[in-house]
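Worksheet for the structure shown next.
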Amino acid sequence: MTRRDKNATALVRDLLAWYSAHKRPLPWRDAPAPYRVWVGEVMSQQTTLKVAVPRFEIFVARLPDAAALAACPEDVLRRLWAGLGYYARARNLQKGARYVTDDLAGALPGTCAGWLDVPGCGPYTAAMVASMCFGERVPAVDGNVVRVASRLLGMAEGVWTKDGQARIREFAAERVRLSDAPGDFNQALMELGATVCRKARPACGSCPIASACRAREDGAADRIPQPRPRKAGVDTRVVCVVLLARGRVALARRERGFLSGTVGFPVVTEGSREARDLLDILGRIPGARIRAAQGAFRHTITHHRIHGSILVALLPARGSPRVVEAELGRALGVSDFSWSNRAGVRDALGAALDRKALDLLEAP
Ligand code: SF4
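So the sequence shown is numbered by numbering that gives the first Met the number 0: it starts at 0 and just counts up by one.
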């Protein structure tokens, strides 16, 4: 055994011993089952464990397996996910569950490669499920692991480059291969990052692998890793379409774009083909009146800086909104129209952007 192997083996041993004594109890951790680990890991990627754990218990009590998740009505899923961050993650979980029920006859995959085929399941989650449930020696690399590994390696720069990420992955892969408990090893590295090797003020004095840490030796722990370069902001101009008919407001499910899966006003990008189709459709409705609302609003989603305006279309009382719905649905990529009375609109809106649009519309 080389010196390097000996050091790596010692690190794995020390880390596992620390984990065994310090791990936080998680409902998907003991006697891990693939469905529970899958749901638990996705849930905890976005929110604190304090919030995720009780919500996890409610979620799996109501949806105990992939078949139940696949069949869950949207309003129920939304309620179960409320407060857990981006709903897109819940939708992806359900997409994955439907793949399992439809394409795998209900049988969850038994390997990391199999989990990577599940829609919405990324490399971290796939590796966590495979290592925890099947003992597969695959590294699970999340933000915590990047931080711990980059400090252990003393990577003063280049952490976020392709090569830097490959180096970190290889570091984790080499060590998980040495472990007889790969699921515990992956969790231990993640847990160390979350509780000891914290972003600010890492507790190096309590670290079980401090003797192997280059950043600590160099006195550089709090400078590694360097902040991740921000994605350049993108300015996007959108138009929220407020359709009014018989005193009611049309809301619909957006099927594409950054609001995909949420319910609210149809939204089009200014100057796009969809925007032109919208005006064309509304222009062909006899008696329809269209006006642009005064003012504009701003909203940010990830790196999108959104500048929003509002188009109000008053549809005639005669004629069926269904015809409009079908045409607009096809042209704008929206579905499931519902017509809400004015008082109930705000509660039915599914995105902060819609609420800003409504604030603008209701402004005196
Ligand atoms: S010694 Fe400090 S910086 Fe190094 S891994 Fe441990 S906690 Fe992190």
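For every residue, glycine included, the Cβ atom is placed at its ideal position computed from N, Cα and C. Keep in mind it's a predicted model, so treat the numbers as computed, not measured.
- Contact annotation: the region 239 to 246 touches the region 305 to 317, with at least three C-beta pairs closer than 8 Å.
- Rounded to the nearest angstrom, the Cβ distance from R150 to C71 is 41 Å, too far for a contact under 8 Å.
- Here M189 is not near V128, since their CB atoms are 7 Å or more apart.
- According to the DSSP assignment, C132 belongs to the alpha helix (DSSP H) that extends over 122 to 133.
- Taking every protein chain shown into account, the CB of I223 has 16 or more other CB atoms within 10 angstroms, so this residue is buried.
- DSSP places V52 inside the alpha helix (DSSP H), whose first and last residues are 48 to 61.
- Annotation for R174 indicates a beta carbon at 6 Å or more from all heavy atoms of ligand 1.
- Exclusion of the five residues before and after G119 leaves N91, L92, K94, G95 as the residues of its chain whose Cβ lies within less than 7 Å of its Cβ.
- In this structure the region 55 to 73 lies against the region 100 to 116, because at least three pairs of beta carbons, one per stretch, are closer than 8 Å.
- Residues A251, R252, E254, G328 of the same chain have their beta carbon placed closer than 8 Å to that of S334, with the five preceding and five following residues left out of the count.
- For C132, the shortest C-beta to heavy atom distance toward ligand 1 is 6 Å or greater.
- Annotation: P265 to L331 spans about 7 Å, alpha carbon to alpha carbon.
- In the three-state scheme derived from DSSP, where H, G and I count as helix and E and B as strand, V195 is classed as coil.
- Excluding the 5 residues flanking it on each side, S43 has same chain C-beta neighbours closer than 7 Å at A51, in chain order.
- The region 272 to 353 contains, as complete beta strand (DSSP E) runs of 3+ residues, the segments 288 to 291, 296 to 300, 303 to 313, 333 to 340 (chain order).
- Setting aside the 5 residues that flank it on each side, E40 is surrounded in the same chain by T124, M127, each with a C-beta closer than 6 Å to its C-beta; the list follows chain order.
- A heavy atom of ligand 1 is found nearer than 6 Å to the CB of R150.
- Counting along the chain, T100 sits inside the alpha helix (DSSP H) bounded by residues 86 to 102.
- Excluding five sequence positions before and after K355, the CB atoms of its chain that fall closer than 6 Å to its own CB belong to F296, H298, given in chain order.
- Of the candidates G121, W27, A199, W27 places its Cα closest to the Cα of V59.
- R174 counts as buried, since no fewer than 16 other beta carbons sit within 10 angstroms of its beta carbon.
- Here the region 172 to 187 makes contact with the region 6 to 16; the two share three or more CB pairs at distances below 8 Å.
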